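Notes for the one structure printed next.
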Amino acid sequence: RKEVEQDPGPFNVPEGATVAFNCTYSNSASQSFFWYRQDCRKEPKLLMSVYSSGNEDGRFTAQLNRASQYISLLIRDSKLSDSATYLCVVNGGYGQNFVFGPGTRLSVLP
Amino acid sequence: DAGITQSPRHKVTETGTPVTLRCHQTENHRYMYWYRQDPGHGLRLIHYSYGVKDTDKGEVSDGYSVSRSKTEDFLLTLESATSSQTSVYFCAISDRGPADTQYFGPGTRLTVL
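Just so you know, the sequences run in chain order D and B.
First residue of the first sequence? That's 207 in this note's numbering, and the numbers climb one at a time after it.
First residue of the second sequence? That's 13 in this note's numbering, and the numbers climb one at a time after it.
Written as structure tokens, this is what we have:
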């Protein structure tokens, strides 16, 4: 089993739609969780950190379920500019390095 | 945007030649990382550094070496490039440790013929 798994995608959604991405991780000792976005042929950029209590940033909501070792990202009112690949990132344990999921590609269609 | 640059941005080389990629930061962050990204794989850690002259191996370190003689520079060397090292290489930095937010450079696209 891979350490970090994500929905395989791609997701093709119309503008204004709500879309949810799921991610599971295998290391129960993981302590840091993030969502990054990566545009085509560009570097990954931090979208948001994920906290145990869940967190929201505008149209984006992230949730963490430690018991199920599951992270989610919800995007409401999708914009064309949201088209990108979304990377789930987990650290490998206390003081350990990042482990990246393979990413889920989102295309928002006009 | 974090002050991270990578050079060169693109390189084509031949099998068996040495190649050095450079990462330069202006953020004075202690931790620096080298990743490679290939289709079908997530980003994979090659080597990382936790201070000047302090480096350690990552998940896919075979065939690569690194050096860090100054806080701001982290070099990745392919001693004898192979076609399997054709990839996009990203440098990243973080301030407080490997579990802290990482900021990425623009990447180097390397092709080994």
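Every residue, glycine too, gets a C-beta built ideally from N, C-alpha and C.
In this text, all values refer to a predicted model and were calculated from it rather than measured experimentally.
Residue 124 of chain B is a Cβ neighbour of residue 98 of chain B, given a cutoff of 8 angstroms. Take residue 73 of chain B, set aside five residues on each side of it, and the residues of its chain with a beta-carbon closer than 7 angstroms to its own are 58, 59, in chain order.
By alpha-carbon distance to residue 231 of chain D, the top candidate from D:283, D:282, D:208 is D:208.
Residue contact with chain D for residue 122 of chain B: absent (no Cβ-Cβ distance below 8 angstroms to any residue of chain D). In the DSSP assignment, the residues bridged to residue 63 of chain B are B:66. With a contact defined as Cβ atoms closer than 8 angstroms, residue 225 of chain D and residue 294 of chain D miss out at about 15 angstroms. Contact annotation: in the stretch 54-67 of chain B, residues whose CB is within less than 9 angstroms of a CB in chain D are 54, 55, 56, 57, 60.
Within the model, the alpha-carbon separation for residue 236 of chain D versus residue 271 of chain D is close to 12 angstroms. Listed along chain D are 238, 240, 252, 255, each with a C-beta nearer than 9 angstroms to that of residue 113 of chain B. Put simply, the CB of residue 215 of chain D is far from chain B, with every gap to its CB atoms at 8 angstroms or more. Under the Cβ criterion of 8 angstroms, residue 102 of chain B is counted among the residues facing chain D. A Cβ-Cβ separation of about 30 angstroms leaves residue 220 of chain D out of contact with residue 53 of chain B under the 8 angstroms criterion. As the crow flies, the alpha-carbon of residue 285 of chain D is around 45 angstroms from that of residue 29 of chain B. Taking a Cβ-Cβ threshold of 7 angstroms, none of the residues of chain B is close to residue 227 of chain D; the smallest such distance is about 14 angstroms. In the DSSP assignment, residue 267 of chain D falls within the beta strand (DSSP E) that extends over 266-271.
DSSP, reduced to helix, strand and coil, places residue 236 of chain D outside both helices and strands of the structure shown, so it counts as coil. Judged by DSSP in its simplified three-state form, residue 95 of chain B adopts helix. Annotation for residue 261 of chain D: the continuous beta strand (DSSP E) segment containing it runs 261-263. Between residue 252 of chain D and residue 94 of chain B, the alpha-carbon positions lie close to 32 angstroms from each other. Its Cα nearest to that of residue 92 of chain B, the residue B:26 stands out among B:18, B:66, B:15, B:26.
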